[in-house]
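To start, the structure itself, in structure tokens.
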Amino acid sequence: MMTKDDILQGLNEPQKQAVTAAAVPLLVVAGPGTGKTLTIVRRIAWLVHQGVNPANILAVTFTNRAAREMSERTGALLGDQTRDVFIGTFHLLGLRILRETLGSDLTLLGREEQTDLLKPLVGDSSRKARTAAERISRIKNGAEKADKETRGLMERYQTALRDRKAFDFDDLILTPVELLADPAVLSRYRNRFRYLIIDEYQDINPLQYRLIKLIAEDGGGLCAVGDPDQAIYAFRGSDLRNFLDFEQDFPKARRITLSENYRSSGAIVQASGSMIRNNRARLDKNVNAVRDQGARLTVLSLPDEQDEAAAIAGEIEGRMGGTSHYRIYTGAGTGSQDGSYGFSDFAVIYRTNAQAKVIEEAFNAAGIPCQVLGRGGTRQNKERDEMIAYLRSVIGEDGPGTLVDGNADKLLTLADQYDPRADAVALMTMHMAKGLEFRVVFIAGAEDGLVPYTLMKEVCDIEEERRLFYVGMTRAKDELFLLHSRIRFLYGRKLTPEPSLFLGEIPSELKDNKLVPDRKKKQSENAQMGLF
DNA sequence: GGTGCGCGAGTTTTT
DNA sequence: CTCGCGCACC
């Protein structure tokens, strides 16, 4: 049987405190690379070891990926008892409450079906329907208020849903919140879920907050985990203040900060830390590198985005040089510390998907395998399919009623998801990079206009953009390159951007500035690139 | 119902 | 610049 020492083994002091803390409202501030998931998993094990009924524990995440990881790692510790712990996404929790309260005869609508349903209500325009679907979603999540017109539309939409016993994604949370207004229902769930662990608490939206608040009551069993410096989803309603105000919200709260970073070199930890300290809306926290100082960051100035892509390709080639045959025989090398690289040790991250194309082309030309994330055939289908596949795997296909309308194709391909085993360089947005880590990271387009993003919209939340840049920087384990072009073609426009102001916030002793001069003649390009 | 042209918009996105 | 929608025409 698992002992107390087993559960605490290998933990640092604040991690131990977070694992063993008594059931008071607990705020765990977990900076990048500080062992957040490890801590959560051990806390679950700790609670069970203390005699808590596993069925009284609720661990909520945002993504299926996170839920799966948490579930697997908990399973490795607790074995069979894991079954009774609720580990899942907000939406899965909502679905469970829905089914237990209303019965299981319900239909779940994906974004596409939702748009189809809305289409006749907005004058048969699929464009309008999609816009409406997005607005309705934001309204349901409490991210935006409905105007009169939208309210009318929503009423008709909800009627259409009710006629079909159908629920959209947001209803999976909104309806449970409504159901919990019934004291009998509420007490049932309060009694069941006495210990709540909420992952990525900095990213919860007002609706999710309401759900948690209802179940958690005075927060006695609530453990909120996250990093306010990594809140990057305000555009879809996430509200950082839920995290920042936790201690006012739950006056008996205790805060524990995990500050030992095991992921990145000292230079990367310090550089990202100096940069993010320019934000005001944050909790004062230090992140200390456990690892050596390592190499300085490289800030690379390039003539244009083609050169930027070529420079990245060149750096990768330089690190892969001559080892490719060897690699074939040793298998994928993610995380290998022996100095030899696999392609999957590299990632290129950027602010907008539009930047991917040039880079992909340069990689293709150089023979560098890459996977571009976030590009899906039909994204809506993919989303729904993934959701359905996941719900099936958790709930099972049986039971009365249909979980979803339509047929289940397995075209359930995750082809566009990040596959860490693929021996390919990963290309993705800063948003998608959250939670991942790579030995070598290239941030492309570190320019004013892109980060902070102001190209299409004047208004910009500079602190949110800084957090996004922070997420990007902190993905790197060993080496970090920050690239900016002096000329960039985007949306048919020729831009002449300044370097991102965030670059200037990195102390000069932590970075090397390199500049590739404008080429006068084309043939000099190779010589210039050879410098790197 | 299928093809083609013109116009307009164009961050970030899980479930 | 590129894509996709909506409309017009076959």
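In the working numbering, the protein residues as written are 2 to 533.
For every residue, glycine included, the Cβ atom is placed at its ideal position computed from N, Cα and C.
All values reported here derive from a predicted model rather than from experimental measurement.
- Taken through DSSP and simplified to helix, strand or coil, Q372 comes out as strand.
- Each residue's CA atom was taken as its position, placing T64 and D346 some 23 Å apart.
- D148: not part of any alpha helix (DSSP H); DSSP gives it neither H nor E.
- Contact check for L259 against A31 passes: the beta carbons are separated by less than 7 Å.
- In the structure shown, the three-state DSSP call for K521 is coil.
- Exposed is the label assigned to Y492, since fewer than 16 other Cβ atoms lie within 10 Å of its Cβ.
- Rounded to whole angstroms, the gap between the alpha carbons of Q372 and K512 is 28 Å.
- Around the beta-carbon of V442, 16 or more other beta-carbon atoms lie within 10 Å, marking it buried.
- Look at T353 here: in three-state DSSP terms it is coil, with no helix or strand label.
- Boundaries of the alpha helix (DSSP H) harbouring L79: N65 to L79, taken from the DSSP string.
- Non-local beta-carbon contacts of F344 in its own chain, meaning distances under 6 Å to residues more than five positions away in sequence, involve P370, D424, A425 and V426 in chain order.
- The three-state reading of DSSP puts A46 in helix, counting H, G and I together.
- By the neighbour-count definition (other C-beta atoms within 10 Å, threshold 16), I507 is a buried residue.
- Ranked by Cα distance from A447, the options L504, Y471 and E438 are led by L504.
- Secondary structure note for R320: its alpha helix (DSSP H) is the uninterrupted segment E306 to M321.
- Rounded to the nearest whole angstrom, the CA to CA distance from F244 to D169 is 27 Å.
- Taking E316 as reference, the option from T299, G36 and F91 with the minimal CA-CA separation is T299.
- D240 is positioned such that its CB atom lies no closer than 7 Å to that of R468.
- With distances taken between CA atoms, I277 lies nearest to M474 out of D219, E73, M474 and L99.
- For D513, the enclosing beta strand (DSSP E) has its first and last residue at K512 to L516.
- As the crow flies, the alpha-carbon of N206 is around 13 Å from that of T62.
- Residue environment for M2: exposed (fewer than 16 other C-beta atoms within 10 angstroms of its C-beta).
- The distance from the Cβ of R487 to that of P304 is about 6 Å, consistent with a contact at the 8 Å cut-off.
- Listed as beta-bridge partners of F364 by DSSP are no residues whatsoever.
- Within the stretch 218-289, the beta strand (DSSP E) runs of at least 3 residues that lie entirely inside it are, in chain order, 223-227 and 255-259.
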